[in-house]
Amino acid sequence: MTETHSVVVQRVCDDAYAPDDPALQLWAATTAGRFGGAGEITLRIVGEQEMQSLNDKYRNIRRTTNVLAFPADREFDPHQEVLGDVVICASVVAREAREQSKSIDAHWAHLVTHGVLHLLGFDHVSTAMANEMEAQEKQILAGFGIADPYLHSDNQPYGN
1 MTETHSVVVQ RVCDDAYAPD DPALQLWAAT TAGRFGGAGE ITLRIVGEQE MQSLNDKYRN
61 IRRTTNVLAF PADREFDPHQ EVLGDVVICA SVVAREAREQ SKSIDAHWAH LVTHGVLHLL
121 GFDHVSTAMA NEMEAQEKQI LAGFGIADPY LHSDNQPYGN
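When the sequence shown is numbered by our numbering, its final residue is 160 and no position is left out of the sequence of numbers.
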């Protein structure tokens, strides 16, 4: 029996571009599928007001952000029925893609991948953990034909 990850897409804003459901589902399911198991992932596409409210409530940060992840269980079990929710702010993704001169679809793929990796227990609270998470992101995105999201188009890291 082949195990799969189902991905439910909820769109509660339409003020900015978001890829179609099949693309979002492919990126999320492929990311989760690298680690086996099966389960449901909810991708919720929101506006800045909802994202700021969630960021304030759960992280005590009173501003919007691009992606938040809410794992169903802190101890990752790849065989649990529900992996968790990934919430993405469409207008922030669009703004970041524009500011970083990235393809908007490539940036969406990166943030979906990033959010799902958080559901799977990856994090970036230390340099070592961030390096591991970024390595996973780069490998997964390369499988979609997407370049390293941490490099400018001139192959220089962001922040340089």
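We put the beta carbon where it would ideally sit given N, CA and C, even for glycine.
Of the listed residues the options, nearest to residue i (C-alpha basis)
i      : options                      : result
Gly143 : Val93, Pro19, Thr127, Thr113 : Thr113
Ala72  : Gly39, Ala28, Val125         : Gly39
Ala23  : Arg34, Val8, Phe35           : Val8
Leu68  : Val87, Pro19, Ser103, His110 : Val87
Arg34  : Pro149, Val116, Met129       : Val116
Thr64  : Arg95, Val82, Ala18          : Arg95
Gly121 : Met133, Val12, Leu111        : Met133
Pro19  : Gln100, Gln52, Leu111        : Leu111
Leu119 : Ser53, Asp21, Glu50, Glu81   : Glu81
Paired residues, beta bridge with residue i - DSSP
i     : result
Thr42 : Val8, Asp85
Val67 : Ile88
Residue i burial status per 10 Å Cβ neighbour count (16 or more: buried)
i      : result
Lys57  : exposed
Thr127 : exposed
Ile146 : buried
Arg44  : buried
Ile61  : exposed
Ala130 : exposed
Gln195 : What the structure shows of the chain is the stretch from 1 to 160, and residue 195 is not part of that stretch, so it cannot be assessed.
Thr2   : Below a pLDDT of 50, predicted positions are generally treated as unreliable, and Thr2, at 45, falls in that range; the measurement from the model is reported next regardless. It is exposed - the Cβ of Thr2 has fewer than 16 other Cβ atoms within 10 Å.
Val93  : buried
Ala135 : exposed
Own chain, CB closer than 7 Å to residue i, minus 5 neighbours either side, in chain order
i      : result
Ser91  : Asp15, Ala16, Gly47, Glu48
Asp13  : Note that residue 13 is Cys in the sequence shown, not Asp. Ile45, Val46, Gly47, Ala90, listed in sequence order.
Asn160 : At Asn160, the pLDDT of 38 sits below 50, so the modelled position is not reliable; the number obtained from the coordinates is stated separately. Excluding positions up to five away in sequence, the list is empty.
Close Cβ partners of residue i (< 6 Å) along its chain, the five nearest in sequence each way excluded
i     : result
Ala29 : His5, Val7
Thr42 : Val8, Asp85
Phe70 : Gly84, Asp85
Ala10 : In the sequence under discussion, the amino acid at residue 10 is Gln, which differs from the Ala named in the question. Contacts found: Arg44.
Thr31 : Thr113, Val116, Ile140
Ala97 : Ile104, His107
heavy atom of the ligand NAD below 7 Å from residue i C-beta
i     : result
Arg59 : Questions concerning the ligand NAD fall outside what the structure shown contains, since it holds no ligand whatsoever.
Alpha helix (DSSP H) runs wholly inside the region 94-148, at least 4 long, in chain order
104-119, 127-143
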